[in-house]
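According to our numbering, the sequence shown is numbered sequentially starting from 715. Below: one structure, written as structure tokens.
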Amino acid sequence: MRPRRIGAAITLGLLLAGLPPAVTQGADRAPERGAGERVAAAKGCGVCHALPGEPRGKKPGPAFLAPAPPQEASEVLRRLWNHIPGMRQYFLARGLAWPVISVPEMADLLTFLGMQPGREHAPNLDRGRVLLVQKGCLKCHALAGEGGRVAPDLVRFREYGNPVPLAAFLWNKAPGMLERIDKSGIPFPVFQEGDMGDLLGFLGALVDVSR
Ligand code: HEC
Ligand code: HEC
């Protein structure tokens, strides 16, 4: 499944050029549930999810609760991640543009969805390492120089300890990533409860070592 040569080299160049600068801008106020609800409405989530106070009606997605049950940040990220391909289908089918979500918007949105900082379980690093391989991440990504070549080396990303910039980045890049996943036949990696925390814990520890 290794990418081949010229195309891959060009793609990698483009991908690296597209890496986000320091993705920490906009943290001038604490993320807020109400602002997150407005982000959800503005990005079209309310087409399929009843927003707080609305009747569910025929909307196909679960209603958003206010307040959502508090959860680890990595859990909220996991729920969002697993949902990306389904949402993409919908946007494609209707010819809608994929909604771009900025880092501050994502902070609000994840807060609205229940993210509670400081709740994170101690990651099982061995399990995180196994998941990284099992979920096929290294078919595309290198890890400290080893592995796939179509996607950036995962140690280049510095913010595994903070799911907000990661969520925003993955969300915004999802269309491109999914296209590649479709072409390569690698199944979209779906995560079970607890997986995301372990995986990010492992990547974060590795980045710390390689700094
Ligand atoms: C086309 C309809 C549709 C749109 C638009 C949509 N969703 Fe969903 N969503 C669903 C459906 C259906 C499910 C349940 C099945 C699934 O997970 O795909 C779901 C599930 C979810 C879940 C997981 C359920 C849970 O509580 O863990 C989250 C989180 C979520 N959506 C967030 C969002 C956000 C945020 C947006 C807007 C950026 C959004 N959705 C837009 C249809 C949609
Ligand atoms: C089919 C190929 C493919 C697979 C499989 C894949 N990715 Fe990616 N990933 C990409 C591409 C391509 C990008 C770059 C997107 C862009 O910049 O437009 C990317 C970007 C990323 C980034 C941001 C990297 C950076 O330095 O900015 C992270 C983090 C990431 N992926 C994590 C994962 C994890 C974790 C897995 C496994 C669960 C995974 N990816 C599986 C193709 C893949």
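Heads up, the beta-carbon is just placed ideally off N, CA and C, and yes, glycines get one too. Quantities reported herein were computed from a predicted structural model and do not represent experimental measurements.
Taking C-alpha positions only, P766 is separated from S924 by approximately 44 Å.
Shown here, E860 sits in a strand according to DSSP, grouped into three states.
Put simply, of K897, E893, S788, Q906 the residue whose alpha carbon is nearest the alpha carbon of Q830 is S788.
Per DSSP, the beta-bridge partners of Q785 are M829.
Boundaries of the alpha helix (DSSP H) harbouring N886: 877 to 898, taken from the DSSP string. A direct Cα-Cα distance of roughly 17 Å separates E751 from Q785.
Taken from the Cβ of F883, at least one heavy atom of ligand 2 lies inside 7 Å. Contact between I900 and G842 is ruled out by a C-beta separation of about 19 Å, above the 8 Å threshold. In the DSSP assignment, Q848 falls within the unbroken alpha helix (DSSP H) covering 839 to 848. Here the segment 853 to 869 does not lie against the segment 909 to 916, with fewer than 3 beta-carbon pairs under 8 Å apart. Counting only residues of its own chain and dropping the five nearest sequence neighbours on each side, G918 has a CB closer than 6 Å to the CB of Y874, G875. L920: member of the alpha helix (DSSP H) spanning 909 to 924, first to last residue.
Closer than 7 Å to some heavy atom of ligand 2: that describes the Cβ of R894. Setting aside the 5 residues that flank it on each side, A882 is surrounded in the same chain by V737, I815, S816, V817, E819, M820, each with a C-beta closer than 8 Å to its C-beta; the list follows chain order. The Cβ atoms of G828 and A782 sit closer than 8 Å to each other. Taken atom to atom, the span from the alpha-carbon of R808 to that of L880 is near 27 Å. In this structure N796 touches F905 by the C-beta definition: roughly 6 Å separates them, less than 8 Å. Assigned with DSSP and collapsed to three states, A865 falls in strand. Here P877 is buried: its Cβ has 16 or more other Cβ atoms, across all protein chains shown, within 10 Å.
According to the DSSP assignment, E751 belongs to the alpha helix (DSSP H) that extends over 747 to 756.
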